[in-house]
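All remarks here apply to the structure that follows.
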Amino acid sequence: MSQKTYSAKAGDIKRQWHVVDVSDKVLGRAASQIATLLKGKHKPTYTPSIDTGDHVVVINADKVKVTGTKEQDKMYYRHPRAGFPGALKITNLEKLRQRHPEDIIINAVRRMLPRNALGRQMMTKLKVYAGDTHPHAAQKPAAFEVEA
Numbered sequence: 104m105s106q107k108t109y110s111a112k113a114g115d116i117k118r119q120w121h122v123v124d125v126s127d128k129v130l131g132r133a134a135s136q137i138a139t140l141l142k143g144k145h146k147p148t149y150t151p152s153i154d155t156g157d158h159v160v161v162i163n164a165d166k167v168k169v170t171g172t173k174e175q176d177k178m179y180y181r182h183p184r185a186g187f188p189g190a191l192k193i194t195n196l197e198k199l200r201q202r203h204p205e206d207i208i209i210n211a212v213r214r215m216l217p218r219n220a221l222g223r224q225m226m227t228k229l230k231v232y233a234g235d236t237h238p239h240a241a242q243k244p245a246a247f248e249v250e251a
């Protein structure tokens, strides 16, 4: 029996497409399962230093649920003009849901991935849509049920 650790190579990676419906699912629980799919930790060929993950299409992002008083209390900070006075923009979850509901899922998943070039590469495989339609039907994505 071999005692060598398996390390995936670029040619060994088989990427699949998953569609995730997050309507009435808790934000953090759904985001952690989406991050697992993007990283590839659900596969036996997972290698930490290589992007072995799958493509994920998230639909109904505007219907994601949060618990407690996060709808008014959870704040999102951004710096559109970093380095200039008054550049910090603050918005809460309720206003962000009205303007850009996709950003709620994108922010939650991005913060669960590595903060380096590998994490940025994983984020390119995430597609988020506010409604229940998406233009990725040609890839034949399989339905993935999040347990949230």
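Residue 104 is where the sequence shown starts when you use the working numbering, and the numbers rise one by one after that. From the three backbone atoms N, C-alpha and C, an ideal C-beta is built for every residue, glycine too. Nothing here was measured: the structure is a model prediction, and the numbers come from that model.
Query                                                                                                                                                             : Result
Residue 163 lies in the beta strand (DSSP E); which residues open and close that run?                                                                             : Note, residue 163: premise wrong, no beta strand (DSSP E); not H, not E.
Tell me which residues share the same chain as residue 215 and place their Cβ nearer than 7 Å to its Cβ, disregarding the 5 neighbours each side in the sequence. : 134, 135, 138
Runs of 3 residues minimum, wholly inside the segment 190-234: which ones carry the beta strand (DSSP E) assignment?                                              : 192-195, 229-231
Classify residue 176 as helix, strand or coil using the three-state DSSP reduction.                                                                               : helix
Would the segment 202-211 count as touching the segment 164-176 if we require 3 or more Cβ pairs under 8 Å?                                                       : yes
Tell me whether residue 154 is buried or exposed, calling it buried when 16 or more other Cβ atoms sit within 10 Å of its Cβ.                                     : buried
Three or more C-beta pairs closer than 8 Å, one from the segment 138-152 and one from the segment 168-186: is that the case here?                                 : no
According to the neighbour-count rule (16 or more other Cβ atoms, all chains shown, within 10 Å of its Cβ), is residue 234 buried or exposed?                     : exposed
Tell me which residue opens and which closes the alpha helix (DSSP H) that residue 240 is part of.                                                                : Here residue 240 belongs to no alpha helix (DSSP H), and DSSP marks it neither H nor E.
Assuming residue 247 and residue 125 make a contact with CB atoms under 8 Å, what is their CB distance in whole Å?                                                : 11 Å between Cβ atoms; not a contact.
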